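A quick write-up on the structure given underneath.
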Amino acid sequence: MRKICIVELFSTARIASFQSIREEEVSLLIESISSSLLVPINLTEMVNSLTMNIICRVAFSKKNKPGDHKSSEFFRLFKEMQALLGSFFVADFFPLMAWVDKLTGLHARLERNFRELDAFYEEVIEEHIDPKRVRTQQDIVDVLLHVQDTSLDLTRAHIKAVLMDILIAGTETSSATITWAMAELARNPSIMRRAQEEVRNAVGRSKECVKEGDLHRLRYVKSVVKETLRLHSPVPLLLLRESMRTCEVGGNQIEPKTRFYVNAWGIARDPKTWEKPEEFWPERFMDSSIDVLGQSFELIPFGSGRRVCPGLSLGMTTVELALANLLHCFDWKLPNGIRTEELDMDDAPGITVHKKTPLYLVASV
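Going left to right, the sequence shown walks through residues 864 to 1228 as my numbering numbers them.
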């Protein structure tokens, strides 16, 4: 399955094929903000919709349309799934006490959500199999069905699982990172001005939107994204791992089949590695070889090695494109006279760490 994801779904060519979707959805976000200038807007909600629409279009050619019952129902189911993922299930840690989850109602909610999402994915697959379906662009379901035709090992259950993984990983981490980046920039106006100047000088104010072809020139914006991922690790504890053989880590012997978490949050704030680790300081990356691609163990927000996040490139491109356009098109300030030091930067518990309260900002041109 991992080979399929890397070779078929997240290759450089495949990610490039979805460029028009990313640019179109970011352009629609800019249009939406332009219609609400000089008033506080819920940027968190807008960014969530952006990443969700991009991933849903990439995955199965759907997006959230006002008045469309099917898309609205799916988004409701997905929000419920996000809430369940952030919930504490006693059975995960104490299997003999699984009855507690039934008493609290969490088990029933999970079962119901699974059945409803499974039915939705089944409908999506049937739509894609329909020979009468009008195909405007090959999406991930199309790719997986093509692979299934040539591989008996790929079942419908596998396809549904891949879709679920892509939706969770592709929307949660990207939206959280964009929101945290804008929150930090709002708290640090001098850093925001430098980032805006870089984008506007590189692209030109006469250009309506930043395109993906412009991103390679935005070194400081890329440093802002890296610093956001360092200070606000989207997944503080990387997904659970299990040792395959006896090994030694930090002088401790680890037995086979030991389950453990990697504390990406702690690594990214280690004072032995980072100067001023609690401070938002993108300049630290300007002349640094440290990256977020899993090659630098000082910063591993997406993991490393064979188990590095396969959608890393797609996620980074989405974050950089959205952030560059927000900085290029608008000036930003906190609403209602809120001082920078008063902005609530608390985070909400969950697998992906989001800002606890929505980020409201005022945009102007």
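Glycine included, C-beta positions come from ideal geometry on N, C-alpha and C.
It should be emphasised that the depicted structure is a prediction, and the values quoted were computed from it without experimental measurement.
Rounded C-alpha distance that separates residue i from residue j
{"i": "L900", "j": "M1179", "result": "27 Å"}
{"i": "I1201", "j": "A1049", "result": "11 Å"}
{"i": "L1186", "j": "V1062", "result": "10 Å"}
{"i": "S1151", "j": "V1087", "result": "13 Å"}
{"i": "L1100", "j": "L872", "result": "25 Å"}
{"i": "N976", "j": "S950", "result": "14 Å"}
{"i": "M1045", "j": "W962", "result": "42 Å"}
{"i": "P1097", "j": "G1166", "result": "11 Å"}
{"i": "I988", "j": "Q1059", "result": "43 Å"}
Integer-rounded CB distance, given that residue j should sit under 8 Å from residue i
{"i": "R920", "j": "K926", "result": "5 Å"}
{"i": "I893", "j": "N1188", "result": "6 Å"}
Residue i beta carbon near the ligand SAH (any heavy atom closer than 7 Å)
{"i": "F1193", "result": "The ligand SAH is not among the ligands present in this structure, which contains no ligands whatsoever."}
DSSP three-state assignment for residue i, whether helix, strand or coil
{"i": "S890", "result": "helix"}
{"i": "L1100", "result": "strand"}
{"i": "I1130", "result": "helix"}
{"i": "K933", "result": "helix"}
{"i": "D1154", "result": "coil"}
{"i": "K995", "result": "coil"}
{"i": "F951", "result": "coil"}
{"i": "K1218", "result": "strand"}
For residue i, the first and last residue of its enclosing beta strand (DSSP E)
{"i": "K1196", "result": "D1194 to K1196"}
{"i": "V1225", "result": "Y1223 to S1227"}
{"i": "V1112", "result": "C1110 to V1112"}
Residue of the options minimising C-alpha distance to residue i
{"i": "F1123", "options": "E943, R972 and R1104", "result": "R1104"}
{"i": "A954", "options": "E1090, A946 and T967", "result": "T967"}
{"i": "P1052", "options": "K1196, V1171, M915 and P1221", "result": "K1196"}
{"i": "F1148", "options": "S1096, K1085 and G1114", "result": "K1085"}
{"i": "S934", "options": "L980, S874 and E974", "result": "L980"}
{"i": "R1170", "options": "V1125, T1109, K1139 and A1211", "result": "V1125"}
{"i": "K1089", "options": "A1024, S1159 and E1071", "result": "S1159"}
Span of the alpha helix (DSSP H), counted from its first residue to its last, around residue i
{"i": "V1010", "result": "I1003 to T1013"}
{"i": "A961", "result": "No alpha helix (DSSP H) contains A961, which DSSP labels as neither H nor E."}
{"i": "I1022", "result": "R1019 to R1050"}
{"i": "E908", "result": "L906 to F923"}
{"i": "L1092", "result": "R1082 to L1094"}
{"i": "R1117", "result": "The question names Arg, yet the displayed sequence has Ile at residue 1117. Here I1117 belongs to no alpha helix (DSSP H); instead the beta strand (DSSP E) covers N1115 to I1117."}
{"i": "T875", "result": "T875 to S880"}
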